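Undergrad:
Residue numbers (UniProt numbering): 1 to 326.
(1) Please check the pair residue 57 and residue 20, which I expect to be a contact at CB under 8 Å, by giving their CB distance rounded to whole angstroms.
(2) Cβ of residue 234 within 8 Å of Cβ of residue 208?
(3) Hey, quick one: how far does the alpha helix (DSSP H) through residue 169 stretch, first residue to last?
(4) May I ask you to report which of helix, strand or coil DSSP gives residue 139?
(5) Three-state secondary structure (DSSP) at residue 11?
(6) Out of 64, 246, 221 and 84, which one is the CA nearest neighbour of residue 159?
(7) Is DSSP giving residue 328 helix, strand or coil here?
(8) Apart from the five residues on each side of it in sequence, which residues of its chain come closer than 7 Å, Cβ to Cβ, to residue 133?
(9) How is the alpha helix (DSSP H) around residue 58 delimited, first residue to last?
(10) Given this structure, state the Cα-to-Cα distance separating residue 33 from residue 247, to the nearest angstrom.
(11) Residue 225 lies in the alpha helix (DSSP H); which residues open and close that run?
(12) What's the gap between the Cα of residue 140 and the Cα of residue 89?
(13) Residue 42 to residue 148, Cα distance in whole Å?
(14) Who are the near neighbours of residue 47 in its chain, counting only those whose CB is closer than 7 Å to its CB and skipping five residues on each side?
(15) Would DSSP call residue 82 helix, strand or coil?
(16) Cα separation between residue 300 and residue 213?
(17) So, helix, strand or coil for residue 144, using DSSP?
(18) I'd like the list of long-range same chain contacts for residue 107, defined as Cβ closer than 8 Å, with 5 residues on each side in sequence excluded.
(19) Compute the Euclidean distance between the alpha carbons of residue 260 and residue 39, then round it to the nearest angstrom.
(20) Do residue 201 and residue 170 have their C-beta atoms closer together than 8 Å?
(21) May I have the straight-line CA-CA distance separating residue 49 from residue 25, to the nearest angstrom?
(22) Within a Cβ cutoff of 6 Å, which residues of the same chain sit near residue 154, ignoring the five residues on either side of it in sequence?
(23) Here's a check: name, in chain order, each residue in its chain whose Cβ is nearer than 6 Å to the Cβ of residue 191, leaving out the five neighbours to either side.
(24) Classify residue 40 as helix, strand or coil using the three-state DSSP reduction.
(25) Please report the Cβ distance between residue 55 and residue 93, rounded to the nearest whole angstrom; I am assuming they are in contact, meaning their Cβ atoms lie under 8 Å.
(26) What would DSSP say about residue 116, mapped onto helix, strand or coil?
(27) Go through its chain and collect everything with a Cβ distance to residue 145's Cβ below 7 Å, but skip five positions before and after it.
(28) Run through DSSP, which three-state label would residue 27 get?
(29) For residue 187, which three-state DSSP category applies?
(30) Among the residues of its own chain, which have a CB less than 7 Å from the CB of residue 65, if the five just before and after it don't count?
(31) Is it buried or exposed for residue 103, if we count other Cβ within 10 angstroms and need 16 for buried?
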């Protein structure tokens with residue numbers, strides 16, 4: 001087989017595997033951080049973290065085995081290089097399962113924030129449809145093992161599936177942002193928490209959507225397997241986004257506690273008397289300025305246990321204090 005043809009076939013999977021190994025290190029580091037910092041988390045979150053680690057370990061192992069099959073055992077075998085292999089197909093399947101698992105975790109988060117079943121059902125159906133199309137495409141690779149034949153049979157469904165991936169990721173991120181925004185109270189600590197959560201949500205939703213768009217562009221414009229690199233990396237981004245959500249709880253609570261310290265000078269600040277209704281926001285802020293920090297803490301409805309910053313306002317986001325299940 002000519003060198004350019006080998007490059008066209010192997011370059012995408014090779015780059016994807018290298019970046020997969022890199023991001024697997026990030027995933028492992030996040031899991032180690034979680035184990036050290038959240039030993040008393042709810043069992044459901046511990047199970048979610050363990051599931052992600054097992055799936056990501058299998059995904060990385062299958063990626064390595066596939067690239068070893070192509071570039072070590074069959075580097076000069078034209079038939080093998082132009083065909084799919086079981087480990088590579090399993091890599092793609094695991095990637096879709098990871099994406100579905102993470103999406104459903106965020107859908108459950110939306111239910112906790114909104115308490116609206118219909119939103120959960122709609123997003124759950126979209127996520128399920130997306131993974132169903134992906135798994136259906138993967139199953140065809142067992143039937144059409146030549147890359148060019150496989151590409152011809154899944155061209156339309158690939159575009160539909162990855163377009164749906166963009167829709168699902170953007171919808172989940174937008175919905176979480178909306179309900180976080182509705183939980184604003186005007187209290188500085190609570191709003192600090194929500195602002196940080198909004199930043200995490202937008203960033204994680206955007207990056208997975210960008211990679212889905214890159215899959216569509218590379219698949220439709222390049223006949224080689226360049227799209228495979230983006231497919232492989234995207235599953236790691238899903239895992240990282242979920243683990244970052246779990247691991248950011250303490251830093252978010254710490255930022256909120258730092259914000260709370262700015263209230264310490266309220267009782268010494270001179271303000272002119274305000275003659276307004278007790279139901280108005282102005283009265284509430286005037287009253288807040290006359291309170292001691294401990295009273296402000298109670299007004300903000302924060303939860304404090306043994307001085308730990310792991311616990312904060314449940315109503316801001318159930319993930320912040322680990323209450324993923326109710």
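The C-beta atom is built at its ideal place from N, Cα and C for all residues, glycine as well. Every value quoted in this text rests on a predicted model; they were computed, and no experiment measured them.
TA: This is what the structure holds:
(1) Their Cβ separation, rounded to whole angstroms, is 11 Å, which puts residue 57 and residue 20 out of contact at 8 Å.
(2) Cβ distance < 8 Å, so residue 234 and residue 208 count as in contact.
(3) Per DSSP, residue 169 belongs to the alpha helix (DSSP H) from 147–182.
(4) It is helical.
(5) Helix.
(6) Nearest option by C-alpha distance: 221.
(7) Outside the shown range of the chain, which is 1 to 326, sits residue 328, and nothing can be said about it.
(8) Around residue 133: 157, 160, 161 and 164.
(9) Start and end: 43–68.
(10) Straight through space, the alpha carbons of residue 247 and residue 33 are spaced by roughly 7 Å.
(11) Residue 225 -> no alpha helix (DSSP H), and no H or E assigned at all.
(12) Computed Cα separation, rounded: 10 Å.
(13) Per the coordinates, the alpha-carbon of residue 42 lies some 48 Å from the alpha-carbon of residue 148.
(14) Within the same chain, residue 47 has no close Cβ partners at all.
(15) Three-state result, residue 82: coil.
(16) With a pLDDT of only 42 at residue 300, under the threshold of 50, the placement of this residue in the model should not be trusted; the figure read from the coordinates follows. Between residue 300 and residue 213, the C-alpha separation is close to 41 Å.
(17) If DSSP states are grouped into helix, strand and coil, residue 144 belongs with coil.
(18) Answer for residue 107: 120, 123, 124, 127 and 172, listed in chain order.
(19) In this predicted model, residue 260 has a pLDDT of only 44, less than 50, meaning its place in the structure is not dependable; the value taken from the coordinates is given anyway. It is roughly 26 Å from the alpha-carbon of residue 260 to the alpha-carbon of residue 39.
(20) Against a cut-off of 8 Å, the Cβ pair of residue 170 and residue 201 comes out as no contact.
(21) Taking the straight line joining both Cα atoms gives about 15 Å.
(22) Apart from the 5 residues on each side of it in sequence, residue 154 sits with its Cβ closer than 6 Å to the Cβ of 137 and 140 in its chain, given in chain order.
(23) Excluding positions up to five away in sequence, the list reads 184.
(24) Reduced to three states, the DSSP call for residue 40 is coil.
(25) The Cβ separation is near 11 Å, so there is no contact.
(26) Residue 116 sits in coil when the DSSP states are folded into three classes, being neither helix nor strand.
(27) When the five nearest sequence neighbours on each side are left out, the beta carbons in the same chain lying within less than 7 Å of the beta carbon of residue 145 are those of 83 and 84, in order along the chain.
(28) Looking at residue 27 - three-state DSSP - the assignment turns out to be helix.
(29) In this structure, residue 187 counts as coil in the three-state DSSP scheme.
(30) Leaving aside the five residues that flank residue 65 on each side, the residues in its chain whose CB is nearer than 7 Å to its CB run, in chain order, 87.
(31) Flag for residue 103 reads buried.
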